[in-house]
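A.B. asks: Before I ask anything, let me first share the structure, which is written out below as structure tokens.
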Amino acid sequence: MKKIISTISAIIILTALIAPAALAANPRFNFEAADLKTLSVANRTANTIWQNNSISANNNDQVAFQVYYRNGVADTIARNTRVR
-16 MKKIISTISA IIILTALIAP AALAANPRFN FEAADLKTLS VANRTANTIW
34 QNNSISANNN DQVAFQVYYR NGVADTIARN TRVR
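Per this note's numbering, residue -16 is the first one in the sequence shown, and the count goes up by one each step.
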């Protein structure tokens, strides 16, 4: 009986230690309504404004890209974040 109580106690203690880590918030990017589009483009030669979808460009035009990302979850750290 002592062995069963010890085993159950150990399981309860381990669950209490592991559960908060499993329920912790994870970083999330650009999910709020106020966030900008992730990728915007503009034709610098033609002085176009930032576009969300596409632009027209001729040979030798300068095209610019703007990448936006923001972790919207408070008190989380997004490690090894890459833009591809």
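By construction, the Cβ of each residue, glycine as well, lies at the ideal position given by its N, Cα and C atoms.
Given a cut-off of 8 Å, decide if residue 53 and residue 69 are closer than it, judged by their beta-carbon atoms.
C.D. replies: With the chain covering only -16 through 67, there is no way to say anything about residue 69.
A.B. asks: Cα separation between residue 51 and residue 60?
C.D. replies: Stepping through the sequence shown from its first residue, residue 51 is reached at position 68. Stepping through the sequence shown from its first residue, residue 60 is reached at position 77. Whole-angstrom Cα-Cα distance: 17 Å.
A.B. asks: Out of 21, 9, 64 and 63, state which residue places its alpha-carbon closest to the alpha-carbon of residue 36.
C.D. replies: The residue given as residue 36 occupies position 53 in the sequence shown. Minimum Cα distance to residue 36 is reached at 21.
A.B. asks: Kindly indicate which three-state DSSP category residue 37 falls into: helix, strand or coil?
C.D. replies: Residue 37 sits at position 54 when you count from the first residue of the sequence shown. Looking at residue 37 - three-state DSSP - the assignment turns out to be coil, as it is neither helix nor strand.
A.B. asks: Less than 8 Å between the CB atoms is what I'm expecting for residue 33 and residue 49, so what's the real figure, rounded?
C.D. replies: Position 50 of the sequence shown holds residue 33. Position 66 of the sequence shown holds residue 49. Residue 33 to residue 49, Cβ: 6 Å. Contact.
A.B. asks: Tell me which residue opens and which closes the beta strand (DSSP E) that residue 22 is part of.
C.D. replies: Counting from 1 along the sequence shown, the entry for residue 22 is found at position 39. 22 to 26 is the span of the beta strand (DSSP E), which, as asked, contains residue 22.
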